[in-house]
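Here the sequence shown is numbered in the working numbering, starting from 2 and rising by one per residue.
Below is one structure, written out as structure tokens, with a few remarks after it.
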Amino acid sequence: MSIDHASYACRAPSGLDGSDSGSDSGAEASFSIIAPRAYSGGESSEEEEVQSAAPRGVRTPTPPQRAAAELACFARHRLHEAAQLAVSRFDAALLEVDAEEADKLARLDDWMHDKKVRDAERSAQRAEAVAGDRAALADRLDQLHRQKAQVLGAKAEAAAAKAAAAAAAAAAEERAAAEAREAEARRHAEEQAQQAEEGRRAHEEQQAAQAAAAAAAAAQASAQQATSAAAAPQEGGGNNAAASSGRAVVVRVASAAAEAEKRCWAAMATAQDAVKGFLAAEAQKRERRQLDKFVKLNVQQISGTQRQVSSKAQALVQFLGGLAGEQRAYACLQLAATLVSQAEAQVALRHAFAFPLAMVAAAVAAAHADFAPLLLARLYHACPLAVPRYLSLRKGADRAHFFGGMAYRDKAEAGDGAGGPAWESTDEYVGRMQGYIAFYAAFLQAEQPGHPHGLEHAWTFCARLLNHLPANRSTATALDAFLKAAGYRMAAAYGRQFMKLLQVLDSAFMADLSRQADPDAKAVHSRLATYLRSAAWRQEPEGRALPQSDSSSYDRA
């Protein structure tokens with residue numbers, strides 16, 4: 002029994018039929034499922050027969066399906082064209098943007114190039130202006146150099162003419178001196194011949210003349226002693242006691258030194274008289290304080306550098322130059338007192354500080370001639386050994402006369418004043434005197450143009466001390482401090498003459514010092530002997546050569 006199969010069409014979605022997509026890809030694929038004819042419901046129609054005759058698994062699309070597929074294909078084609086058109090417009094917009102940016106970059110490059118050109122032109126103009134200025138400056142400097150050369154040439158010619166005139170004058174003086182020597186020799190020969198002819202009568206007259214000369218010398222010595230006692234400083238109670246008690250003490254001082262000291266004290270008295278009204282005026286108390294403050298501040302700020310010494314010296318010189326009358330006299334007195342006080346306080350502790358302090362003092366003394374006598378008077382009052390002057394006690398005399406006259410410090414004056422004087426020890430005294438003497442030695446050798454109290458006074462000081470003062474601990478200490486500060490400069494200036502002075506020191510003064518009973522005198526004798534044996538004058542003393550500047554400018558000595 003045959004079984005008729007009924008066929009049923011069942012369409013599957015596109016893409017699931019496994020067939021290749023073509024122009025009709027939008028049409029749906031069809032599958033045929035054949036059912037048994039018993040379930041077909043009767044005979045099949047003609048159409049079913051036709052369909053059953055078609056290939057199994059393939060279904061021909063209907064016209065609507067084909068139309069839908071064509072419509073979908075057309076839509077996709079239009080969408081593709083629209084997308085291509087949008088992409089073309091976007092590419093065109095990008096090209097326009099790129100073109101605008103390229104144009105802007107080109108304009109920026111042109112602007113930068115123009116700016117570089119302008120900058121180069123301005124730089125060239127500035128360089129040309131600088132070159133012009135330099136050329137003008139060079140011309141001006143050349144003119145100044147030529148003018149200076151002309152001035153120097155004129156000065157050189159004047160100096161040569163002056164030297165020629167001096168040489169001519171020296172030659173004339175030499176000829177006159179030679180003629181005078183010849184005349185003196187002739188006169189001396191005539192006198193000798195006359196004395197030889199006179200015989201015994203001339204011999205008797207000569208003896209009488211010698212007796213008269215001895216009497217005159219004795220009278221002159223007495224006059225010198227009286228003059229020395231009268232020349233003692235008239236300021237301070239101790240010095241007055243020494244001066245008024247000529248019978249109690251013997252003043253050892255050269256007559257020329259006493260006269261020089263007397264002139265300094267006269268200048269001091271004149272200055273003190275000039276400031277009496279200024280000191281008494283209560284309304285000028287503030288001005289006095291300002292003067293004191295300026296002087297003390299500048300002196301206390303002196304340090305061991307050339308820059309600081311020059312600065313403080315210039316400040317003090319200008320300061321005194323801007324004052325007049327009693328204000329100037331007061332400032333000079335205060336400056337002298339402050340410098341001497343610094344010599345006691347600072348130089349006694351460190352002798353190297355004597356040189357910068359003395360350089361400032363010498364600069365002020367060279368600029369203001371009336372200042373040097375005031376400074377020396379203050380120094381002589383504080384240190385009589387700087388004159389040099391020494392007091393010797395007579396037998397049975399009061400020792401207060403000696404202590405006061407030699408400027409020993411009375412410690413009782415610093416207390417309540419109860420009781421008698423309490424003099425400082427000799428160790429303290431000679432320590433202070435060393436500071437004064439070192440400052441004095443540095444002051445004498447200061448190389449300052451117009452110095453009114455220069456190196457020649459150093460030679461005079463040593464000669465007067467060796468010739469007129471006794472050899473003891475105090476005088477030897479002063480000489481030791483002086484030579485250690487000034488010996489180097491004196492050796493360079495006087496050469497062999499300085500060696501002769503040292504020979505006198507070694508042969509006479511040292512011998513007298515060694516015979517002293519004072520055990521403390523042996524220590525200073527040893528120091529002087531070491532100075533002579535080691536030729537210490539050949540070494541420059543510490544502090545004399547000042548550096549230009551120092552990082553520790555505020556490190557006070």
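Each residue gets a CB set at the ideal place from its N, CA and C atoms; glycine is no exception.
(message) So, at 6 Å on beta carbons, what are the nonlocal neighbours of glutamate 50 in its own chain, with the 5 sequence-adjacent residues on each side left out?
(response) A caution first: glutamate 50 carries a pLDDT of 47, below 50, which makes its placement in the model too unreliable to give a value.
(message) Check this for me: beta carbons of alanine 587 and alanine 443, under 7 Å apart or not?
(response) There is simply no residue 587 to check, as the chain begins at 2 and stops at 558 in what is shown.
(message) So if DSSP puts aspartate 411 in a beta bridge, which residue, or which two residues, is it bridged to?
(response) Residue pairing by DSSP places aspartate 411 opposite Trp424 in a beta bridge.
(message) Considering Cα atoms alone, identify which of Cys333, Ala173 and Ala423 is closest to valine 296.
(response) Considering only alpha carbons, the answer is Cys333.
(request) Check whether the Cβ atoms of alanine 353 and glutamate 543 sit closer than 7 Å, and answer yes or no. (result) Yes. Within cutoff.
(message) From the DSSP secondary-structure annotation, give me the bridge partner or partners of tyrosine 391.
(response) By DSSP's assignment, tyrosine 391 forms a beta bridge with Arg253.
(request) Check arginine 264 in the structure and name its three-state DSSP category. (result) DSSP places arginine 264 in helix when its eight states are reduced to three.
(request) Pick helix, strand or coil for asparagine 473, following the three-state DSSP scheme. (result) Asparagine 473: coil per DSSP, three-state reduction.
(message) Considering just the uninterrupted stretch of the alpha helix (DSSP H) at glutamine 517, what are its terminal residues?
(response) No alpha helix (DSSP H) contains glutamine 517, which DSSP labels as neither H nor E.
(message) Short of 7 Å in beta carbon distance, which residues of its chain neighbour aspartate 428, apart from the five on each side in sequence? Order them along the chain.
(response) Sequence-distant partners of aspartate 428 (beyond 5 residues in either direction) whose C-beta falls short of 7 Å from its own C-beta are missing from its chain.
(message) Please return the same chain residues whose Cβ sits closer than 7 Å to the Cβ of alanine 349, not counting the five positions on each side in sequence.
(response) Gly432, Arg433, Gln435 and Gly436.
(request) Assign alanine 157 to buried or exposed, taking buried as 16 or more other Cβ atoms, counted over all protein chains shown, within 10 Å of its Cβ. (result) Exposed, because fewer than 16 other Cβ atoms sit within 10 Å of the Cβ of alanine 157.
(message) Taking the beta carbon of asparagine 299 as the centre, do at least 16 other beta carbons fall within 10 Å, making it buried, or is it exposed?
(response) With 16 or more Cβ atoms within 10 Å of its Cβ, asparagine 299 is classed as buried.
(message) Can you tell me whether arginine 287 sits near the ligand NAP, meaning its C-beta is under 6 Å from at least one heavy atom of the ligand?
(response) Here there are no bound small molecules, and the ligand NAP is not part of this structure.
(request) Name the two residues that bound the continuous alpha helix (DSSP H) containing phenylalanine 279. (result) Phenylalanine 279 -> alpha helix (DSSP H) spans 277-281.
(message) By the DSSP assignment, the alpha helix (DSSP H) with aspartate 293 in it spans what residues?
(response) Counting along the chain, aspartate 293 sits inside the alpha helix (DSSP H) bounded by residues 286-301.
(message) Check for me: the alpha helix (DSSP H) holding proline 374 runs from which residue to which?
(response) Run containing proline 374: 372-383, per the alpha helix (DSSP H) assignment.
(request) Round the Cβ separation of histidine 469 and alanine 367 to the nearest angstrom and send it over; I've been treating them as touching at under 8 Å. (result) The beta carbons of histidine 469 and alanine 367 sit about 29 Å from each other, so the pair does not count as a contact at 8 Å.
(message) Helix, strand or coil, according to DSSP, for aspartate 399 in the structure here?
(response) Here aspartate 399 sits in coil by DSSP.
(message) I need the straight-line Cα distance from leucine 547 to tyrosine 495, nearest angstrom please.
(response) Spanning the two alpha carbons is a distance of roughly 23 Å.
(message) Measuring only the C-alpha atoms, how far is glutamate 82 from serine 89?
(response) Their backbone Cα atoms lie some 10 Å apart in a straight line.
(request) Take alanine 364 as the anchor and find which of Ala337, Arg123, Tyr430 and Ala325 has the nearest alpha-carbon. (result) Checking every option, the nearest Cα to that of alanine 364 belongs to Ala337.
(request) State yes or no: is the C-beta of isoleucine 303 within less than 7 Å of the C-beta of leucine 375? (result) No, the pair does not count as a contact, with Cβ atoms beyond the cut-off.
(request) Taking 7 Å as the cut-off, decide whether the C-beta atoms of arginine 1 and proline 385 are in contact. (result) Only positions 2 to 558 of the chain appear in this structure, which leaves residue 1 out of reach.
(message) Any beta carbon of chain D sitting closer than 7 Å to that of alanine 387?
(response) No chain D appears in the structure shown, which is made up of a single protein chain.
(request) Flag this pair as yes or no: are the beta carbons of alanine 439 and alanine 387 separated by less than 7 Å? (result) No, the pair does not count as a contact, with Cβ atoms beyond the cut-off.
(message) If contacts are defined as beta-carbon pairs under 8 Å, then alanine 413 and alanine 423 qualify, I think. What distance do you get, rounded to the angstrom?
(response) The beta carbons of alanine 413 and alanine 423 sit about 4 Å from each other, so the pair counts as a contact at 8 Å.
(request) Kindly indicate which three-state DSSP category glutamine 540 falls into: helix, strand or coil? (result) The three-state secondary structure of glutamine 540, taken from DSSP, is coil.
(request) Please state whether DSSP places alanine 353 in a helix, a strand or coil. (result) Looking at alanine 353 - three-state DSSP - the assignment turns out to be helix.
(request) Please look up how many angstroms separate the CB atoms of methionine 360 and alanine 447, rounded, as I've assumed it's under 8 Å. (result) Contact between methionine 360 and alanine 447 holds, with the beta-carbon distance rounding to 5 Å and staying under 8 Å.
(message) Between which residues of its own chain and glycine 541 is the CB-CB distance below 6 Å, once the five residues before and five after are set aside?
(response) Contrary to the premise, residue 541 reads as glutamate rather than glycine in this sequence. Excluding sequence neighbours, glutamate 541 sits near Tyr489.
(request) Verify whether the separation of the beta carbon atoms of valine 341 and arginine 289 is less than 7 Å. (result) Against a cut-off of 7 Å, the Cβ pair of arginine 289 and valine 341 comes out as no contact.
(message) By alpha-carbon positions, which one of Tyr441, Ala268 and Asp110 ends up nearest to alanine 330?
(response) When each option's Cα is compared against that of alanine 330, the closest is Ala268.
(request) Grab me the residues of leucine 533's own chain with a C-beta within less than 6 Å of its C-beta, minus the 5 sequence neighbours each way, in chain order. (result) Asp507, listed in sequence order.
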